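Numbers 0 to 549, taken from numbering that gives the first Met the number 0, label the letters of the sequence shown in order.
Below is one structure; the comments refer to it alone.
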Amino acid sequence: MNGTAPSPVSNLVENIQPEIVGTATISPTGAFEAGSFQTFTLEYTAGYHGIDDSGSLKIVFRFAGDQTRPQMDDPKRPNYVTVKASNNAVLEARYDPKGNVRPWDRCLYIKVVHGFLEEGDKITIVFGDTSGGSPGMRLQTFCEDTFEFRVLVDPIATYTYVPVIEQPFIAIVPGPPAQWRAVTPTLRRPGETFALRLKAEDKWGNPTDKCDHTLNLECDGNVAGLPDTIKLAPGQFAAAADGLSVDAPGTYRFTLRGPDGEKLATSNPLRIAEAPAEGCIHYWGDLHGQSEETVGTNSARQYFEFGRDKAFLDVTSHQGNDFQITREFWDELNRLTAEFNEDGRFITLPGYEWSGNTNLGGDRNVYYTDESHGIYRSSHALIADRTDIESDRSTAAKLFETLSKMKEDVACFAHCGGRYADIKLAHDGSVERSVEIHSSWGTFEWILHDAFEMGYRVGLVSNSDGHKGRPGASYPGASLFGAVGGLTCLQMQELTRPAVFDCLRKRRHFGTTGNRMYIGLALDFEREGTIYHEDPNLGPAEGHPATRAL
Numbered sequence: 000m001n002g003t004a005p006s007p008v009s010n011l012v013e014n015i016q017p018e019i020v021g022t023a024t025i026s027p028t029g030a031f032e033a034g035s036f037q038t039f040t041l042e043y044t045a046g047y048h049g050i051d052d053s054g055s056l057k058i059v060f061r062f063a064g065d066q067t068r069p070q071m072d073d074p075k076r077p078n079y080v081t082v083k084a085s086n087n088a089v090l091e092a093r094y095d096p097k098g099n100v101r102p103w104d105r106c107l108y109i110k111v112v113h114g115f116l117e118e119g120d121k122i123t124i125v126f127g128d129t130s131g132g133s134p135g136m137r138l139q140t141f142c143e144d145t146f147e148f149r150v151l152v153d154p155i156a157t158y159t160y161v162p163v164i165e166q167p168f169i170a171i172v173p174g175p176p177a178q179w180r181a182v183t184p185t186l187r188r189p190g191e192t193f194a195l196r197l198k199a200e201d202k203w204g205n206p207t208d209k210c211d212h213t214l215n216l217e218c219d220g221n222v223a224g225l226p227d228t229i230k231l232a233p234g235q236f237a238a239a240a241d242g243l244s245v246d247a248p249g250t251y252r253f254t255l256r257g258p259d260g261e262k263l264a265t266s267n268p269l270r271i272a273e274a275p276a277e278g279c280i281h282y283w284g285d286l287h288g289q290s291e292e293t294v295g296t297n298s299a300r301q302y303f304e305f306g307r308d309k310a311f312l313d314v315t316s317h318q319g320n321d322f323q324i325t326r327e328f329w330d331e332l333n334r335l336t337a338e339f340n341e342d343g344r345f346i347t348l349p350g351y352e353w354s355g356n357t358n359l360g361g362d363r364n365v366y367y368t369d370e371s372h373g374i375y376r377s378s379h380a381l382i383a384d385r386t387d388i389e390s391d392r393s394t395a396a397k398l399f400e401t402l403s404k405m406k407e408d409v410a411c412f413a414h415c416g417g418r419y420a421d422i423k424l425a426h427d428g429s430v431e432r433s434v435e436i437h438s439s440w441g442t443f444e445w446i447l448h449d450a451f452e453m454g455y456r457v458g459l460v461s462n463s464d465g466h467k468g469r470p471g472a473s474y475p476g477a478s479l480f481g482a483v484g485g486l487t488c489l490q491m492q493e494l495t496r497p498a499v500f501d502c503l504r505k506r507r508h509f510g511t512t513g514n515r516m517y518i519g520l521a522l523d524f525e526r527e528g529t530i531y532h533e534d535p536n537l538g539p540a541e542g543h544p545a546t547r548a549l
């Protein structure tokens, strides 16, 4: 690892070539533990134009980052930053958490207020300068292969910025094990095989590969195929005991113990039921999160890999802000969902987040049955290519008008993220089947109350809306995302896309604040009634007689 990464962004000033605006390096380079205190020296060397009087640099960080904020006032506090020019030009530095274009919002702004820089002159920035007693810069609490100190240059003092070609970066990796997780399904039939999955997490909730443990496995019942021990070796993020089964109905929990007998973890409850309601068993999903191509962290490929291999999800979907999804990235997302989708193991739903302002309807999640459908954005706010702008749907009402024509192939959730969904302003029950009442942003039961007030039929979901690259295992760390991300339990007969969509359309799911609990709910009627999966208030709907409803 050489500590630099190529910048994928286009020129902000077409007449200034990035090759001549200078270079930037970081020291030290390499891999550093998430949440640890470190000191880094970033050195910018001026290019052909130098930097004129009142020109400036921006050192910018991702929106999702929760590292300590740069500060220049107290040398004893965390992340004390010093800034110096090699030619003694006078510099002014300040930090603004919204001082640049998203997703690189967090900005250390450095202005030349007296003098100028010539080619070859340097500006040296020390993050976490410990010379005055500061403990250093506390790194973000979640892992990232390429955590950038992204450098933008305004050499001609026009307040237009050009990125250096090679961006300084470090790797942020997990720390040692601090807690253990044992995860099983929550509902299965007698004799049906399942897996017990295990992992260790560091103190910030990152799955860690820094394990060298032989673990003892126990269960409070007879489980066929359960080994006495399981090994988690260095380099492994998870382990699994596959092919387990239980014949006797009941509720079972697994215990994970260390070699000395210490209890490390107890699994979620596993219910074995002879005849689950309508044959439906439980699958778990996190259907809402983003990656670095929009406003999250790590790549979209890593997003799906994490959900499947480290969070042990059954179902997931990538939900990037539509106004950042280029045509190229939309194609890439669809390639990834097709690649990762595997019946019986891991289901991915193509989709995106319609991210209109609240006064236009607010955030909505859009999910498709397959990869053949287009994206209908709220705007092209961060997309330079406007050749497909006619496909935009600028209000939630216009979005629903389009999606209702393909309602068998689409499902929507209303949610509260950067822009609160207003379901009183816009809602279509034929496609918007559920509301998200919990995510990393918090708990929002008021959106359900709004639905009740309006007489809507909606299901409940909880997801992470994660920006840290950890779908299905999203923790707050030290950021303003102050809640553990949610999970949604999907009640289905099998793990396939058609079954997922049938579940979403029938609203056969419930949400939790991140734990996998068993909930079973059915209604029995004294007299025969009629079950409708489509709201008959919206038009003709087929029903079927029943004395029980799941």
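Using N, Cα and C, we set each Cβ at its ideal position, and we do this for glycine too.
None of these values were measured; they are calculated from a predicted model.
Where do the N-terminal and C-terminal ends of the alpha helix (DSSP H) with residue i fall, by residue?
i: C502; result: 496–505
i: A337; result: 326–339
Once the 5 residues before and after residue i are set aside, which same chain residues still bring their CB inside 6 angstroms of it?
i: Y517; result: T185, P268, R270
i: V125; result: T40, T81
i: A477; result: D65, T140
i: A92; result: M71, V82, I109
i: D534; result: G428, R456
i: K230; result: T213
i: V222; result: L243, V245
For a quick check, are the C-beta atoms of residue i and residue j less than 8 angstroms apart?
i: D241; j: A194; result: yes
i: S438; j: D464; result: yes
i: G481; j: G441; result: yes
i: V20; j: G46; result: yes
i: D362; j: S354; result: yes
i: S433; j: V460; result: yes
i: T192; j: D342; result: no
i: E53; j: V89; result: It is worth fixing the name first, because residue 53 is Ser in this sequence and not Glu. Not in contact: S53 and V89 (Cβ atoms no closer than 8 angstroms).
i: F146; j: A177; result: no
i: G360; j: T401; result: no
i: A272; j: R149; result: no
i: L312; j: W179; result: no
i: N356; j: R418; result: yes
Which residue comes first and which comes last in the beta strand (DSSP E) that contains residue i?
i: M491; result: 486–491
i: E32; result: 30–32
i: E217; result: 212–218
i: A199; result: 193–200
i: T228; result: 228–231
i: F141; result: No beta strand (DSSP E) contains F141, which DSSP labels as neither H nor E.
i: T401; result: That residue, T401, is in no beta strand (DSSP E); its alpha helix (DSSP H) goes 395–402.
i: V222; result: Unbroken run through V222: none, as it is neither H nor E.
i: A240; result: 238–243
i: V430; result: That residue, V430, is in no beta strand (DSSP E); it is neither H nor E in DSSP.
i: W179; result: 178–182
i: F524; result: 522–531
i: T44; result: 39–45
i: K121; result: 121–126
i: V409; result: 409–413
i: Q166; result: 165–172
i: V483; result: Per DSSP, V483 belongs to no beta strand (DSSP E) and is neither H nor E.
Output needed for residue i: all residues of its chain with C-beta closer than 8 angstroms, excluding positions within five of it in sequence on either side, in chain order.
i: H379; result: F322, R385, I388, D391
i: P475; result: S439, G481, A482, V483
i: L11; result: With a pLDDT of 43 at L11, under the threshold of 50, the modelled position of this residue cannot be trusted; read the value that follows with caution. The residues are L151, T159, Y160, V161, P162.
i: F115; result: G49, I50, D51, D52, G54, A88
i: A232; result: C210, D211
i: T512; result: H437, T442, S461, A482, V483, G485
Leaving aside the five residues before and after residue i along the sequence, list all residues of the same chain whose C-beta is less than 7 angstroms from its C-beta, in chain order.
i: D95; result: C106, Y108
i: N205; result: A33, F141, C142, P173
i: F305; result: G468, R469, P470
i: T183; result: F193, L195, F253, S266, N267, L269
i: E18; result: I164
i: N536; result: none
i: G131; result: P74, K75, Y79
In chain order, each alpha helix (DSSP H) run of at least 4 residues that lies wholly inside the segment 434–460: Those alpha helix (DSSP H) runs which fall completely within the segment 434–460 and span 4+ residues are 445–453.
Segments of 3+ residues assigned as beta strand (DSSP E) that fall wholly inside the segment 347–387: You should have 350–353, 363–367.
The segment 274–290 in contact with the segment 477–496 per 3-pair CB rule at 8 angstroms: Verdict: yes, contact present.
At least three beta-carbon pairs within less than 8 angstroms, the segment 30–40 to the segment 123–135: With a cut-off of 8 angstroms, the segment 123–135 and the segment 30–40 count as touching, because enough Cβ pairs lie within range.
In chain order, each alpha helix (DSSP H) run of at least 4 residues that lies wholly inside the segment 262–330: Within the segment 262–330, the complete alpha helix (DSSP H) runs of at least 4 residues are 299–308.
Validate contact between the segment 289–300 and the segment 495–507 using beta carbons, cut 8 angstroms, 3 pairs: With a cut-off of 8 angstroms, the segment 495–507 and the segment 289–300 do not count as touching, because too few Cβ pairs lie within range.
Stretch pair the segment 194–208 + the segment 224–242: three plus CB contacts closer than 8 angstroms: Yes: the two stretches touch, three or more of their Cβ pairs being nearer than 8 angstroms.
Whole beta strand (DSSP E) elements within the segment 74–110, 3-residue minimum: For the segment 74–110, whole beta strand (DSSP E) runs of length 3 or above, ordered along the chain, are 80–84, 89–95.
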